[in-house]
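Counting from 5, one number per residue, gives the positions in the sequence shown under my numbering. In this text, a Cβ means the ideal position worked out from N, Cα and C, and glycines have one as well. In what follows, a structure is listed as structure tokens, so that the remarks can point back to it.
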Amino acid sequence: MNTIEYYLQYPYRLEIVPDVDEGGYVASYPELSGCITVGETLDDVVKNAEDAKREWIIAALENHIAIPDPTTSEYSGQFKLRLPKSLHRSLAQHAKEEGVSMNQYCVYLLSKNDAIKNSN
């Protein structure tokens, strides 16, 4: 039987969202069903989430409930993109004007466009 330390070393995904009704934040570990907590500040909710995860794992071990391994993401946060030289030059020039790297500028543009598309 594995110990609590064994499971605490796993990188379970932590999700934090604002609590629009009550204020503060709500945190959960999607892979640990029902492991959820709240906090007034981001620091509070992260600390509370760690405590909640520990208590969830302790309860699961005591009650012989299977504890899942964390899921691995197939998304690395990186991808390669081929584009016309003229677009590359234009993006590089705009990034320079904004005082940011071209990577940061492209992430900004993609995020902005994705937010617009998802708000419709």
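Ranking Tyr11, Asn6, Tyr16 by CA distance to the CA of Pro74 puts Tyr16 first. In the three-state reduction of the DSSP assignment, Ala31 falls in the strand class, which pools E and B.
Going by DSSP, Glu19 is part of the beta strand (DSSP E) stretching over 19-22. Here Ile61 carries a helix assignment [DSSP, helix/strand/coil]. When DSSP assignments are scanned along the stretch 56-120, the uninterrupted stretches of alpha helix (DSSP H) that are 4 or more residues long and fall wholly within it turn out to be 89-102.
Following the DSSP letters along the chain, one finds Leu12 inside the alpha helix (DSSP H) bounded by residues 8-12. The Cβ atoms of Lys51 and Leu36 lie no closer than 8 Å to each other.
Straight across, the Cα-Cα distance linking Tyr11 with Ile69 is about 13 Å. The continuous stretches of beta strand (DSSP E) do not include Gly38, and DSSP gives it neither H nor E.
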